[in-house]
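Note that the working numbering has the sequence shown beginning at 273, numbered continuously upward. Idealized CB from N, CA, C, for every residue including glycine. Remember, it's a predicted structure, so these values are computed and weren't measured experimentally. Presented below is the structure to which this report refers.
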Amino acid sequence: MFDNLPPDLARLLTLRVWHAMWLQRIDTKIAALRERNAEQEQGRNNRPQEPDWIVELGIGNGRPPIEVHVGGCYAAGRRRRPVPRDEARRLLTSGVRACTHCKPSTGVKTKALVHFLWCDHTLLPLDLSAGRVFDHPYGRACLVGGGAGAGDGIPRER
């Protein structure tokens with residue numbers, strides 16, 4: 273069937289050695305690829321869990337928080353740290369900006385965050401319809417939305 277092989281022993285032995293070398297190279301490459309795939313799988317399995325909330329930090333003295341993001345938001349900058357839900361709620365209600373891409377203040381996980389508005393150290397009930405006015409306990413009123421940045425949830429005195 274395969275009679276086109278050389279007839280003498282020396283050339284057959286040479287071919288056997290050459291094929292053995294190639295088999296060794298192929299086996300080494302297979303082993304390396306299997307090890308690489310196993311390491312990648314282990315890395316995927318051992319990856320730390322993504323945080324639910326991220327706060328983007330500013331530059332300068334004390335690195336103040338700038339923006340709150342949902343974990344995994346592509347728009348979060350490099351200076352960031354994970355925060356628990358309560359701290360994210362506190363930051364959002366204290367006036368720290370919510371990301372306009374991931375919208376942490378309107379997501380399903382954050383519905384409890386938009387029910388109250390923090391204004392002058394007082395927690396006020398919040399209706400998200402733009403232009404809704406709330407009576408302030410000290411006789412003033414805060415306007416949510418309206419004017420520049422309408423509907424952004426930032427309290428403004430009227």
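* Counting only runs of 4+ residues fully inside the segment 324 to 381, write out the alpha helix (DSSP H) ranges in chain order. => 357 to 365
* Quick one: grab the DSSP three-state call for residue 277. => Sequence index remark: in the sequence shown, residue 277 carries index 5 (1-based). In the structure shown, residue 277 sits in coil (DSSP, three-state: anything other than H, G, I, E or B).
* Asked: Looking only at C-alpha atoms, which of 362, 359, 276 and 372 sits nearest to residue 348?
  -> Numbered from its first residue, the sequence shown carries residue 348 at position 76. For residue 348, the nearest C-alpha among the options comes from 372.
* Asked: With a Cβ-Cβ cutoff of 8 Å, do residue 320 and residue 342 count as a contact?
  -> Numbered from its first residue, the sequence shown carries residue 320 at position 48. Numbered from its first residue, the sequence shown carries residue 342 at position 70. At a Cβ-Cβ threshold of 8 Å, residue 320 and residue 342 do not count as neighbours.
* **Buried versus exposed, by CB contacts within 10 Å (16 or more), residue 302** => The sequence position of residue 302 within the sequence shown is 30, counting from 1. Exposed, by the Cβ-count rule.
* Pick from 361, 339, 357 and 358 that is closest to residue 351, judged by C-alpha positions -> Start at 1 with the first residue of the sequence shown, and residue 351 comes out as number 79. Ranked by Cα distance from residue 351, the options 361, 339, 357 and 358 are led by 339.
* Asked: When you compare each of 335, 346 and 326 to residue 356 by their alpha carbons, which one comes out closest?
  -> Start at 1 with the first residue of the sequence shown, and residue 356 comes out as number 84. Closest option to residue 356, Cα to Cα, is 326.
* Asked: In this structure, does DSSP put residue 319 in helix, strand or coil?
  -> Mapped onto the sequence shown, residue 319 falls at position 47. It is coil, neither helix nor strand.
* Asked: Where residue 360 and residue 334 are concerned, what is the direct C-alpha to C-alpha distance, given to the nearest angstrom?
  -> Against the sequence shown, residue 360 aligns to sequence position 88. Against the sequence shown, residue 334 aligns to sequence position 62. Distance between the alpha carbons of residue 360 and residue 334 is about 18 Å.
* Asked: Among 308, 329 and 346, which residue has its Cα nearest to the Cα of residue 368?
  -> By one-based count along the sequence shown, residue 368 stands at place 96. Nearest option by C-alpha distance: 329.
* Asked: Can you tell me whether residue 365 is buried or exposed, with buried defined as 16 or more other CB within 10 angstroms of its CB?
  -> In the sequence shown, counting from the first residue as 1, residue 365 sits at position 93. Flag for residue 365 reads buried.
* Asked: What distance in whole Å lies between the Cβ atoms of residue 285 and residue 277, which are believed to be in contact at a cut-off of 8 Å?
  -> Sequence index remark: in the sequence shown, residue 277 carries index 5 (1-based). Sequence index remark: in the sequence shown, residue 285 carries index 13 (1-based). At roughly 12 Å, the Cβ-Cβ gap does not stay under 8 Å, so residue 277 and residue 285 are not in contact.
* **Whether residue 363 touches residue 337 by CB criterion (8 Å)** => Counted from its first residue, the sequence shown places residue 363 at position 91. Counted from its first residue, the sequence shown places residue 337 at position 65. Cβ atoms of residue 363 and residue 337: closer than 8 Å.
* Asked: Less than 8 Å separating the beta-carbons of residue 344 and residue 322?
  -> Here the question's residue 344 lines up with position 72 in the sequence shown. Here the question's residue 322 lines up with position 50 in the sequence shown. Yes, the pair counts as a contact, with Cβ atoms nearer than the cut-off.
* Output the distance between the C-alpha atoms of residue 287 and residue 318, rounded to the nearest integer angstrom. => Translated into positions along the sequence shown, residue 287 becomes position 15. Translated into positions along the sequence shown, residue 318 becomes position 46. Residue 287 and residue 318: Cα-Cα distance of roughly 46 Å.
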